[in-house]
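Asker:
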Amino acid sequence: PRADVPGIARILWGLAELEYRGEAGAPPERRGVQVMTVHASKGLEFDAVFVVGMTHRAWPGRDRTRTDIPDALLPEALPRGPAAQLAESRRLAYVALTRARRVLVLSAVAASERGVPQRPSAFLEDAMSAVPGAGLADVGEAPERGLLEAVGEARAAFERVATEAARVTAGGGACDLGAVHAAADALVRARAAALAPPARPVVPDVPPRPARPGITCSVTAVARYRRCPLQYRYAHVDRVPPRADPVRAVGTAAHAALEAVLAPDAPPPDGDALVRRFAGELRRHRVEATVQGRHALALARERFPALVARTVRGGARIAAVERAFTLAVGPHRVHGRIDRVDRHGGGFVLVDYKTGAPPPPGPAEEEGRLVLRTYLAGAREAWGVVATGATLEYVFDGAVKTDSPDGAEVAMAIEEVRGTLDDISAGRHEPRPGWVCRSCDFALLCPARDR
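Quick note, our numbering runs 327 ahead of the 1-based positions in the sequence shown.
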């Protein structure tokens with residue numbers, strides 16, 4: 328209150344020299360838009376996160392074979408080669424995606440500044456495959472540079488006038504009131520010009536994007552439709568919530584435990600460690616006290632050590648777990664996630680975990696074979712991995728079923744999948760009563776229940 332105009336000016340000038348622009352209130356990391364690298368975002372969280380530049384060329388990018396630190400100066404040699412670089416890039420992608428609390432937007436450019444087409448990052452494809460119905464959407468061209476330059480010029484003009492106003496009033500003692508008033512008037516005008524929205528550039532009309540023929544569907548949804556088209560409609564079109572089922576939670580817990588223990592970067596597999604991890608997953612999913620949870624844990628104590636021993640004895644080297652793929656099937660796309668990829672000698676074998684009992688010969692067995700052959704085609708198209716076969720591992724039963732089809736049999740399976748996707752696209756949802764009705768989540772809604 329006792330400060331005069333020159334004193335206030337000196338204070339403001341000092342704050343300006345320190346580049347002070349804020350106000351007391353929210354911490355800096357929560358005010359405005361924060362632009363940072365993925366490494367700098369570790370440990371932070373934000374309500375909304377925009378991950379930009381998710382192209383294959385930039386993310387994962389090229390293999391960086393050089394390092395600034397020689398291996399002799401490190402406690403252990405750094406992993407080298409494309410596989411290590413891909414794993415590190417995937418970890419960074421995971422960090423970026425998990426910074427968001429509520430809103431996550433992933434984006435990639437369609438072409439570089441020189442017009443070279445860019446394909447999306449494989450991590451972007453993986454993220455989309457985890458969300459039913461997800462897909463890329465065109466958002467148009469970048470903002471005109473003229474608009475950004477106009478904003479920058481208005482801000483620079485305001486800074487220049489503010490600096491001049493502070494210089495006029497910071498002399499102390501007697502000062503020219505006319506110059507002070509002129510500086511204040513110029514400051515007000517510059518402030519108004521900076522706050523006024525710049526004229527938006529004329530954006531040419533963009534023709535509407537033609538609808539892509541076909542549909543996108545998961546392998547699980549295809550199998551569900553083949554069991555009963557009406558069940559598919561209830562689950563994937565009407566989105567009727569399924570009933571609460573501890574058996575489903577037990578299956579999720581088993582898959583999570585197997586993914587953690589039988590993994591490429593995990594310690595040597597151990598049956599008891601797998602049982603302990605499964606027990607922890609049952610607690611996490613709150614089904615450890617249910618009849619189904621207790622029964623599954625008892626089966627795990629009996630079967631899981633044999634499963635691990637069988638895996639080790641077979642000489643398999645685990646190459647990947649929970650690997651996602653997207654497969655083009657005519658005008659359609661089908662996506663899925665393979666539980667495990669094993670390397671046997673010079674080839675690969677795909678492994679799919681099942682927590683139920685092996686089905687008797689019939690439609691259910693054919694469904695499992697169709698899923699495996701779709702996985703084989705997906706691995707070949709998405710990753711270039713030509714697997715020699717695929718295995719169904721019934722983890723609580725101990726049974727193993729292997730399918731080693733030739734190219735013609737895989738092609739026939741994909742044609743069956745295409746026919747199914749054509750039917751889904753056409754909206755054919757007639758009920759198909761049969762063995763699936765005994766465990767259907769929507770039995771109370773089904774008009775064919777009493778037939």
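C-beta: ideal position from N, C-alpha, C; glycine also.
Leaving out five residues on either side along the sequence, give the residues of the same chain with a beta carbon under 6 angstroms from the beta carbon of F377.
Answerer: Reading the sequence shown from its first residue, position 50 is the one you call residue 377. For F377, where only same-chain residues beyond five positions count, the Cβ hits under 6 angstroms are V432.
Asker: For H622, does the three-state DSSP call read helix, strand or coil?
Answerer: Within the sequence shown, the letter at position 295 stands for residue 622. Three-state DSSP puts H622 in a helix.
Asker: Report yes if the CB atom of T715 is closer than 7 angstroms to the CB atom of G674, and no otherwise.
Answerer: Position 388 of the sequence shown, counting from 1, holds the residue named residue 715. Position 347 of the sequence shown, counting from 1, holds the residue named residue 674. Contact flag set, yes.
Asker: Using 8 angstroms as the threshold, is the segment 513 to 525 in touch with the segment 539 to 554, meaning 3 or more CB pairs across them?
Answerer: Touching, no.
Asker: Buried or exposed for P595, going by 16 or more other Cβ atoms inside 10 Å?
Answerer: Looking up residue 595 in the sequence shown gives position 268. Per the 10 Å Cβ criterion, exposed.
Asker: Sort A438, R429, P387, A435 by Cα distance to L413 and report the nearest one.
Answerer: Along the sequence shown, read from residue 1 onward, the residue named residue 413 stands at position 86. Comparing Cα positions, the closest option is P387.
Asker: Measuring only the C-alpha atoms, how far is A411 from A437?
Answerer: Along the sequence shown, read from residue 1 onward, the residue named residue 411 stands at position 84. Along the sequence shown, read from residue 1 onward, the residue named residue 437 stands at position 110. Spanning the two alpha carbons is a distance of roughly 27 angstroms.
Asker: Considering I645, what are the terminal residues of the beta strand (DSSP E) in which it resides?
Answerer: Along the sequence shown, read from residue 1 onward, the residue named residue 645 stands at position 318. Segment 644 to 656, the beta strand (DSSP E) holding I645.
Asker: Skipping 5 residues on each side, what residues in its chain have a beta carbon closer than 6 angstroms to that of K782?
Answerer: Here the chain has residues from 328 to 778 only, and residue 782 is not among them.
Asker: Could you have a look at E694 and say whether DSSP puts it in helix, strand or coil?
Answerer: Counting from one through the sequence shown, the residue named residue 694 turns up at place 367. Looking at E694 - three-state DSSP - the assignment turns out to be helix.
Asker: Going by beta-carbon coordinates alone, are T543 and R660 separated by less than 7 angstroms?
Answerer: In the sequence shown, residue 543 corresponds to position 216, counting from 1. In the sequence shown, residue 660 corresponds to position 333, counting from 1. Against a cut-off of 7 angstroms, the Cβ pair of R660 and T543 comes out as a contact.
Asker: Would you identify the three-state DSSP class for P459, choosing helix, strand or coil?
Answerer: As a first step, residue 459 is located in the sequence shown; it is residue number 132 there, counting from the start. Note: P459 maps to coil in three-state DSSP.
Asker: Have a look at Q619 and V574 and give me their C-alpha separation to the nearest angstrom.
Answerer: Working through the sequence shown from its first residue, we reach residue 619 at position 292. Working through the sequence shown from its first residue, we reach residue 574 at position 247. Roughly 6 angstroms separates the two Cα atoms.
Asker: Thinking Y721 and G663 are a contact (beta carbons under 8 angstroms), I'd like their distance in whole angstroms, please.
Answerer: For the purposes of this step, residue 721 is identified with residue 394 of the sequence shown, where counting begins at 1. For the purposes of this step, residue 663 is identified with residue 336 of the sequence shown, where counting begins at 1. Contact flag wrong, Cβ pair sits at about 19 angstroms.
Asker: Might you give, ordered along the chain, the residues of its own chain that have their beta carbon closer than 7 angstroms to the beta carbon of V422, omitting 5 neighbours on each side?
Answerer: Here residue 422 refers to the residue found at position 95 when the sequence shown is read from its first residue. Same-chain partners within the cutoff: V365, S368, K369.
Asker: Would V737 pass as a contact of R700 if the rule is Cβ separation under 7 angstroms?
Answerer: Stepping through the sequence shown from its first residue, residue 737 is reached at position 410. Stepping through the sequence shown from its first residue, residue 700 is reached at position 373. Cβ distance < 7 angstroms, so V737 and R700 count as in contact.
Asker: How would you label E452, buried or exposed, when you count the other beta carbons within 10 angstroms and need 16 or more for buried?
Answerer: In the sequence shown, counting from the first residue as 1, residue 452 sits at position 125. Buried is the call here.
Asker: Might you give, ordered along the chain, the residues of its own chain that have their beta carbon closer than 7 angstroms to the beta carbon of D749, omitting 5 neighbours on each side?
Answerer: Taking the sequence shown and counting its residues from 1, the one referred to as residue 749 is at position 422. The answer is none, since no qualifying residue turns up.
Asker: Would you mind reading off the limits of the beta strand (DSSP E) that contains S545?
Answerer: Counted from its first residue, the sequence shown places residue 545 at position 218. 543 to 545 is the span of the beta strand (DSSP E), which, as asked, contains S545.
Asker: So the candidates are T653, F769, G689, T682; which of them puts its Cα closest to the Cα of F450?
Answerer: The sequence position of residue 450 within the sequence shown is 123, counting from 1. For the residues T653, F769, G689, T682, the minimum Cα distance to F450 belongs to T653.
Asker: Keeping to the same chain, check which residues put their C-beta closer than 7 angstroms to that of S731; ignore five residues upstream and five downstream.
Answerer: Along the sequence shown, read from residue 1 onward, the residue named residue 731 stands at position 404. For S731, where only same-chain residues beyond five positions count, the Cβ hits under 7 angstroms are T715, G716.
Asker: Quick check: the segment 625 to 635 against the segment 583 to 601, are at least 3 beta-carbon pairs closer than 8 angstroms?
Answerer: Judged by Cβ distances under 8 angstroms, the segment 583 to 601 makes contact with the segment 625 to 635, as three or more pairs qualify.
Asker: Between the C-alpha atoms of V648 and A627, what's the straight-line distance to the nearest angstrom?
Answerer: Counting from one through the sequence shown, the residue named residue 648 turns up at place 321. Counting from one through the sequence shown, the residue named residue 627 turns up at place 300. Near 20 angstroms, if we compare the C-alpha coordinates of A627 and V648.
Asker: Do A517 and V495 have their C-beta atoms closer together than 7 angstroms?
Answerer: What you label residue 517 is simply residue 190 of the sequence shown in a count that begins at 1. What you label residue 495 is simply residue 168 of the sequence shown in a count that begins at 1. For A517 and V495, no; Cβs fall outside 7 angstroms.
Asker: Please classify R418: does DSSP put it in a helix, a strand, or coil?
Answerer: Sequence index remark: in the sequence shown, residue 418 carries index 91 (1-based). Correct three-state label for R418: helix.
Asker: If distances are taken between C-alpha atoms only, which option among V668, A684, P685, G683 comes closest to L677?
Answerer: Counted from its first residue, the sequence shown places residue 677 at position 350. That would be V668, whose Cα lies nearest to the Cα of L677.
Asker: Going by C-alpha distance, which of K681, I645, A581, D597 is nearest R621?
Answerer: On the sequence shown, residue 621 is found 294 positions in, with the first residue counted as 1. Of the listed residues, the one whose Cα sits closest to R621 is A581.
Asker: Where DSSP assigns a beta bridge to K369, which residues make up the other side?
Answerer: In the sequence shown, counting from the first residue as 1, residue 369 sits at position 42. Answer is none; K369 lacks a bridge partner.
Asker: For A353, name the three-state secondary structure that DSSP assigns.
Answerer: Residue numbering aside, residue 353 sits at position 26 when the sequence shown is read from its first letter. Its pLDDT being 48, under 50, A353 is placed unreliably by the model, and the measurement read from it follows with that caveat. Three-state DSSP puts A353 in coil, outside helix and strand.
Asker: Which word fits W762, buried or exposed, when buried means at least 16 other C-beta atoms lie within 10 angstroms of its C-beta?
Answerer: Against the sequence shown, residue 762 aligns to sequence position 435. Flag for W762 reads exposed.
Asker: Find out if the Cβ-Cβ distance for the pair P459, P540 is shorter than 7 angstroms.
Answerer: Residue 459 sits at position 132 when you count from the first residue of the sequence shown. Residue 540 sits at position 213 when you count from the first residue of the sequence shown. No, Cβ-Cβ distance for P459 and P540 is not below 7 angstroms.
Asker: Output the distance between the C-alpha atoms of L609 and T425, rounded to the nearest integer angstrom.
Answerer: Start at 1 with the first residue of the sequence shown, and residue 609 comes out as number 282. Start at 1 with the first residue of the sequence shown, and residue 425 comes out as number 98. When rounded, the distance between both Cα atoms is 24 angstroms.
Asker: So the candidates are E491, R630, E757, A770; which of them puts its Cα closest to the Cα of P556?
Answerer: The sequence position of residue 556 within the sequence shown is 229, counting from 1. That would be E757, whose Cα lies nearest to the Cα of P556.
Asker: Per DSSP, what kind of secondary structure is V661 in: helix, strand or coil?
Answerer: For this step, residue 661 is matched to residue 334 along the sequence shown. Reduced to three states, the DSSP call for V661 is strand.
Asker: Can you tell me whether R650 is buried or exposed? The criterion is at least 16 other CB atoms within 10 Å of its CB, across all chains shown.
Answerer: For the purposes of this step, residue 650 is taken as the residue at position 323 of the sequence shown. With 16 or more other Cβ atoms within 10 Å, it is buried.
Asker: Per DSSP, what are the beta-bridge partners of G716 in this structure?
Answerer: As a first step, residue 716 is located in the sequence shown; it is residue number 389 there, counting from the start. Note: G716 sits in a beta bridge opposite V676.
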